[in-house]
Amino acid sequence: RDGGGRAQAQSANAGDGGQVSEQPANADPSTDTARLPSGGAFTQAGKGHWHVVAGSGPAVGSGKAYTYTVEVEDGIDPASYGGDDAFAHMVQQTLADPRSWVGAGVGSHKVSLRRVDASYPNPSFRVSLTTPATDRRGDLCGYQVRYESSCYNPSAGRVVIDLARWVRGAIAFEGDLGLYRQYAINHEVGHALGNEHVGCPANGALAPVMMQQSFGVSDDYVWRLNQADPSNRTAVAKDGKTCRPNAWPNPTG
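In structure tokens form, the structure reads like this:
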């Protein structure tokens, strides 16, 4: 997850449903990289349950086998995200890319990922496009750090992809929404595969995919936000390092 430990994360400001398009008022925009960028409208609150998007695919990679469904919360206006098939295509293509987790491990850490449909019993995890109001529920992601983010909830086996971020992206990605979406998928699935948060290794380096890049790519800034979340207070050092945005566990493929 971006916001905290693997059980909970943060999401967008709650509301009473419908569409929102205004940019939330926050701190100095020159430094407050965790704020939600301006952009398209999105459904603020859905129905709190999900449907599985039809479709499946072959196993990709070799190693420990994981299965996943692609799901969308009921009640989301499909115009905001291009529809179920577009979301599912992005998820499946990202996770099958050799730059993703299927190409990142070595030895016993190698993984295989396979998309399954609703007929498959007990998938390893469920990649789920979710409205901000549902995302921030205490039994799903929570809202310790008051910025939008996605999460992995292990008790539910659910990779929660925050709709607000899916539509708007993150400031650190400088308007590259496709790259940000690949990052969000890889980061949260990384938690489902057992990976924890890390910080920036060196100034100017590509950020590790498990860095909380929805908040930013500066260790000092992310550290400051993490102090509001007990599960994440020591995840990143306050060491002055700043990285460049990166969506991939294995960026060289």
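Mapping the sequence shown onto the working numbering, position 96 (from 1) lands on 142, and the numbers just tick up by one.
For every residue, glycine included, the Cβ atom is placed at its ideal position computed from N, Cα and C.
Grab the span of the beta strand (DSSP E) containing residue i for me, first residue to last.
| i | result |
| --- | --- |
| LEU175 | 171-176 |
| LEU186 | Careful: LEU186 lies outside any beta strand (DSSP E) and carries neither H nor E. |
| TYR198 | 197-199 |
Starting from residue i, trace the alpha helix (DSSP H) in both directions and tell me its first and last residue.
| i | result |
| --- | --- |
| ILE231 | 223-238 |
Note down, in chain order, each residue of its chain lying with its Cβ closer than 8 Å to the Cβ of residue i, except the 5 sequence neighbours on either side.
| i | result |
| --- | --- |
| VAL162 | SER102, THR113, TYR114, THR115 and PRO169 |
| PRO144 | ASN296 and GLY299 |
| LEU239 | TYR112, TRP147 and VAL157 |
| VAL213 | GLY85, GLY86, ALA87, PHE88, SER126 and TYR127 |
| ALA105 | ALA111, SER158, LEU159 and ARG160 |
| PRO124 | ASP130 |
Buried or exposed, going by whether 16 or more other CB atoms sit within 10 Å of the CB of residue i?
| i | result |
| --- | --- |
| ALA100 | exposed |
| GLN273 | exposed |
| GLU220 | exposed |
| ASN278 | buried |
| GLN139 | exposed |
| HIS243 | buried |
| ASN292 | buried |
| HIS237 | buried |
| SER195 | buried |
| LYS287 | buried |
| HIS233 | buried |
| GLN178 | Before going further, note that residue 178 is Pro rather than Gln in the sequence given. Buried is the call here. |
| ASP131 | exposed |
| ASP185 | exposed |
| THR79 | buried |
Run through the DSSP bridge pairs and tell me what residue i is partnered with.
| i | result |
| --- | --- |
| ASP208 | THR176 |
| ARG160 | THR113 |
| ARG290 | LEU252 |
So, at 7 Å on beta carbons, what are the nonlocal neighbours of residue i in its own chain, with the 5 sequence-adjacent residues on each side left out?
| i | result |
| --- | --- |
| HIS97 | GLU117, VAL118 and ASP120 |
| ALA253 | CYS246, GLN259, VAL263, CYS289, ARG290, PRO291 and ASN292 |
Only counting the same chain, and skipping five residues up and downstream in sequence, which positions put a Cβ closer than 6 Å to that of residue i?
| i | result |
| --- | --- |
| ALA202 | none |
| ARG204 | ARG172 and SER174 |
| ASP285 | ASP265 |
| ARG192 | none |
| ASP181 | SER57, CYS187, VAL206 and ASP208 |
Consider the Cβ of residue i: report whether some Cβ of chain C lies at a distance smaller than 8 Å.
| i | result |
| --- | --- |
| ARG204 | No chain C is part of this structure, which consists of one protein chain only. |
4 or more residues per run - each alpha helix (DSSP H) lying fully within the stretch 69-140: none
Runs of beta strand (DSSP E) lying entirely within the stretch 246-271, each at least 3 residues, in chain order: none
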